[in-house]
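Enquirer:
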Amino acid sequence: MKNNKLLQRIFWLIFLVLIWQIVFWSGRFSPLVFPSLTTIIKALAGSLYNGELTQQLLFSLLIISQGLLISLVLAIFMALAAHFSGIAASLIDTLVALAHPLPGIALMPLVLIWFGAGRQAILFVIIHSVLWPMVLNLRTGFSSIPDIYILVGKNYGLDRLQILIQIMAPASLPYFLVGLKIGWARSWRALISAEMLFGAVNSIGGLGWFIFQKRVFFDLPGVFAGIIVIIIIGILVEDLIFNNIENRTVKRWGMKS
Amino acid sequence: MMDYIAIKNIYKSYQQSDERRVVLENINFSIEKRELVALLGPSGCGKTTLLKIIAGFIETDTGGLYKNGERLSGISSNRIMVFQEFKQLFPWKTVLDNVIFALEAKNIAKNPAEREEMARYFLERVELTDFFDYFPYQLSGGMKQRVALARTLAADPEIMLMDEPFGSLDSQTRKNLQDLLIDIWQEAQKTIIFVTHDIEEAIVLADRIVVMDKNPGRIKKIINNNLERPRNRAGIEFGELYETITSV
Ligand SMILES: Nc1ncnc2c1ncn2[C@@H]1O[C@H](COP(=O)(O)OP(=O)(O)OP(=O)(O)O)[C@@H](O)[C@H]1O
Ligand SMILES: [Mg+2]
């Protein structure tokens, strides 16, 4: 079943690639705006080989991991505070209501003024795009924990910290993962756009910056090389990392429908 | 002589919309060590409420619980509740780990290997030998309740509080589990308070039956059950006792 799905996926991929190549061969578009597959792959291999793309990719991955980590810690603290204190809950819920619908892009002019262009600005935008959906999902996760789990924990003599770690954490994991997935998707988009806008310090500005630069020099195969890397990272994280975590946890436990 | 457990003058009311409703009124009875007492009564008479009070999950308006004359308060792992709900098991733990949880929580056994061995023993005791590595969602309701029973036994509480644990099972599974519970109770020498609204279940299990009534929840009568064990559900005395209880 799973294999079958993978095969279908591969079939359609090949199909799309072929169409691309047929359009190229038809000669309707100038190779300058519609490069052939071979030039794209050459550009990809070339910029990976000379380290240019690899360096930008590392920069992007590093900054997004950092952003995710910071947001995660903040979100857990905020959701816990809200769970245990009514005052914190009303404050945090208000913050979420205000900030969650606000696209990161809308903040960029402000961020430019406050932080200037550069790493910090990008980090800020990432955190903004991950933090709120994360808090929201963790809040739902905590409040959807059946009372009976907590009662059982107390009955067997667990203290507050043990209940938190041994019961609340696993019981809210399905929501945590949903939050993480949404957070990842949003921050990956935010990252690329922020990198394009904020540009580079010492020419290292991430994948977004890489694509932007290639556009400036009208190097379309280079632009596509960047886009392909972005797609591949997206698929790897979604399909490999998240699916793997889900298969080993919530799916295995029958906690995900 | 002092009672092992004494329940004295318990009153409990709840605020419901704009009136205060008395749910338990003047509850008094005592329990002897290693006794199996059944709380029997219609839906809504406050059986669960009373059991939760005994477990320490909720507070009374007045009155309380005494052990050897000393007031008990709060939750304690010496009084462990088995719920009616099948979802009392942790879904993220295997059957074996759910039982090991109890041993870890109460710090029983010296090391993980020993705990695992003990957990296996308790699961074998409730006749769940082939399901150690299953997750709760893969079990039937009856199997889940067996795991809950094993988990409770593993925690080795003095008193087991059972809130209609077999209430949602089919009658055959139910009978099997009743027989199993009696075996375990006689072997482990536990004190058990068993809530049910099934007269037959109360007669099969209990040494004493506390018959309750509702609106407000109160004790109608406490009936001693001296039928010889193992009890014959089809026996004449069984039928007589059944009659006595229905006519209370
Ligand atoms: N948290 C609560 N708030 C308000 N009323 C409550 C609460 N818990 C129970 N009650 C009321 O107390 C009464 C007794 O409830 P309880 O659950 O103890 O009954 P029960 O005898 O266990 O019934 P059943 O056999 O259906 O489980 C009911 O009328 C119920 O509505
Ligand atoms: Mg009840």
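These protein sequence lines map, in sequence, to chains A and B. Count along the first sequence from 1, add 172, and you get the number used in my numbering. Count along the second sequence from 1, add 461, and you get the number used in my numbering. Heads up, the beta-carbon is just placed ideally off N, CA and C, and yes, glycines get one too.
Does ligand 2 have a heavy atom nearer than 6 Å to the CB of Lys508 of chain B?
Expert: Checking the Cβ of Lys508 of chain B against ligand 2 gives yes.
Enquirer: Distance cutoff 7 Å, beta carbons only. Does Trp304 of chain A sit that close to anything in chain B?
Expert: Not one chain B Cβ lies under 7 Å of Trp304 of chain A.
Enquirer: Given a cut-off of 7 Å, decide if Leu589 of chain B and Met712 of chain B are closer than it, judged by their beta-carbon atoms.
Expert: No answer is possible for residue 712 of chain B: it lies beyond the span of chain B, which begins at 462 and ends at 709.
Enquirer: Whole-angstrom Cβ separation of Phe518 of chain B and Ile536 of chain B, contact assumed at under 8 Å?
Expert: Indeed, because the Cβ distance is near 6 Å, the residues count as touching under 8 Å.
Enquirer: At a cut-off of 6 Å, is Tyr475 of chain B close to ligand 1 when judged by its beta-carbon and the heavy atoms of the ligand?
Expert: Tyr475 of chain B Cβ: within cutoff of ligand 1.
Enquirer: May I have the straight-line CA-CA distance separating Leu179 of chain A from Ile405 of chain A, to the nearest angstrom?
Expert: If I take the Cα positions, the gap works out to 20 Å.
Enquirer: Anything in the region 319-340 of chain A with a Cβ closer than 9 Å to a Cβ of chain B? List those residues in chain order, please.
Expert: Per Cβ criterion, the list reads Ile320, Tyr321, Leu323, Val324, Gly325, Lys326, Asn327, Tyr328, Gly329, Leu330, Gln334, Gln338 and Ile339.
Enquirer: Looking at C-alpha atoms only, which residue of A:Ile399, A:Pro273, A:Met250 and A:Pro275 is the closest neighbour of Leu263 of chain A?
Expert: The candidate whose alpha carbon is nearest that of Leu263 of chain A is A:Met250.
Enquirer: When the Cα atoms are used, what is the spatial distance from Asp522 of chain B to Ile322 of chain A?
Expert: So the alpha carbons of these two residues sit roughly 24 Å apart.
Enquirer: Within the 7 Å Cβ cut-off, does Tyr595 of chain B reach chain A?
Expert: So, not an interface residue.
Enquirer: Using a 10 Å radius around the Cβ and a threshold of 16 neighbouring Cβ atoms, would you call Ala269 of chain A buried or exposed?
Expert: Exposed, because fewer than 16 other Cβ atoms sit within 10 Å of the Cβ of Ala269 of chain A.
Enquirer: CA-CA distance, Ser474 of chain B and Thr510 of chain B?
Expert: For Ser474 of chain B and Thr510 of chain B, the distance between alpha carbons rounds to 10 Å.
Enquirer: Quick one: which unbroken alpha helix (DSSP H) runs of 4-plus residues sit fully inside the region 308-370 of chain A? Chain order, please.
Expert: Runs found: 319-327 and 345-370.
Enquirer: Going along chain B, which residues have a C-beta under 9 Å from Gly426 of chain A?
Expert: Those within 9 Å of Gly426 of chain A in chain B are Pro552, Phe596, Pro597, Tyr598 and Gln599.
Enquirer: For ligand 1, is there any heavy atom lying closer than 6 Å to the beta carbon of Gly517 of chain B?
Expert: No; taking the cut-off as 6 Å, the Cβ of Gly517 of chain B has no heavy atom of ligand 1 nearer than that.
Enquirer: Of the residues A:Ile407, A:Phe384, A:Ile400 and A:Leu345, which one's Cα is nearest the Cα of Lys428 of chain A?
Expert: Cα-wise, what sits closest to Lys428 of chain A is A:Leu345.
Enquirer: Give a single yes or no on whether Ser784 of chain B has its beta carbon closer than 6 Å to a heavy atom of ligand 1.
Expert: Given a span of 462 to 709 for chain B in the structure shown, any question on residue 784 of chain B remains unanswerable.
Enquirer: Is Ala289 of chain A helix, strand or coil by DSSP?
Expert: Residue state, collapsed to three classes: coil.
Enquirer: In the DSSP assignment, the alpha helix (DSSP H) including Ala499 of chain B goes from what residue to what residue?
Expert: No alpha helix (DSSP H) contains Ala499 of chain B, which is instead part of the beta strand (DSSP E) from Leu497 to Leu501.
Enquirer: Are Tyr472 of chain B and Gly524 of chain B close, meaning C-beta to C-beta below 7 Å?
Expert: Going by C-beta atoms, Tyr472 of chain B is nearer than 7 Å to Gly524 of chain B.
Enquirer: Compute the Euclidean distance between the alpha carbons of Ile643 of chain B and Leu666 of chain B, then round it to the nearest angstrom.
Expert: Cα to Cα, the separation comes out at about 7 Å.
Enquirer: May I have a chain-ordered list of the alpha helix (DSSP H) segments no shorter than 4 residues that lie completely inside the region 189-257 of chain A?
Expert: Counting only runs of 4 or more, we get 209-221 and 224-256.
Enquirer: What's the gap between the Cα of Glu480 of chain B and the Cα of Asn489 of chain B?
Expert: Near 25 Å, if we compare the C-alpha coordinates of Asn489 of chain B and Glu480 of chain B.
Enquirer: Check whether the Cβ of Val484 of chain B sits closer than 6 Å to any heavy atom of ligand 1, and report yes or no.
Expert: At least one heavy atom of ligand 1 is nearer than 6 Å to the Cβ of Val484 of chain B, so yes.
Enquirer: What residues in its chain sit with their C-beta under 8 Å from that of Ala566 of chain B, if we drop five residues either side in the sequence?
Expert: Once the five neighbours on either side are set aside, the close Cβ partners of Ala566 of chain B are Ser538 and Ala616.
Enquirer: Taking C-beta to C-beta, are Ala215 of chain A and Pro393 of chain A nearer than 7 Å?
Expert: For Ala215 of chain A and Pro393 of chain A, yes; Cβs fall inside 7 Å.
Enquirer: With a cut-off of 8 Å on the beta carbons, I'd call Ile212 of chain A and Ala397 of chain A a contact; round off their distance for me.
Expert: The pair is a contact, with the Cβ atoms about 6 Å apart (cut-off 8 Å).
Enquirer: Is there a C-beta anywhere in chain B that falls below 7 Å from the one on Pro393 of chain A?
Expert: No, Pro393 of chain A lies away from the interface with chain B (no Cβ there is under 7 Å from its Cβ).
Enquirer: Quick check on the burial criterion: 16 or more other C-beta atoms within 10 angstroms. Buried or exposed for Arg311 of chain A?
Expert: That one is buried.
Enquirer: At a cut-off of 6 Å, is Ser504 of chain B close to ligand 1 when judged by its beta-carbon and the heavy atoms of the ligand?
Expert: Answer for Ser504 of chain B: yes, Cβ within range of ligand 1.
Enquirer: Roughly how many angstroms lie between the CA atoms of Ser315 of chain A and Arg181 of chain A, to the nearest whole one?
Expert: Computed Cα separation, rounded: 38 Å.
Enquirer: By Cβ distance, which residues of its chain are closer than 6 Å to Pro677 of chain B, with the 5 residues on each side in sequence left out?
Expert: Taken in chain order, the residues that qualify are Val483 and Glu486.
Enquirer: DSSP three-state label for Asp624 of chain B, please.
Expert: If DSSP states are grouped into helix, strand and coil, Asp624 of chain B belongs with the strands.
Enquirer: Rounded to the nearest angstrom, what separates Trp381 of chain A and Gly288 of chain A at their Cα positions?
Expert: When rounded, the distance between both Cα atoms is 16 Å.
Enquirer: Determine the contact status of Val302 of chain A and Ser243 of chain A, defining contact as a CB-CB distance below 7 Å.
Expert: Their beta carbons are under 7 Å apart, which means Val302 of chain A touches Ser243 of chain A by this criterion.
Enquirer: Please specify which runs of the beta strand (DSSP E), each continuous and at least 3 residues long, are wholly inside the region 466-536 of chain B, giving them in chain order.
Expert: Taking only runs of at least 3 residues, the beta strand (DSSP E) segments lying wholly in the region 466-536 of chain B are 466-477, 480-492, 497-501, 523-528 and 531-533.
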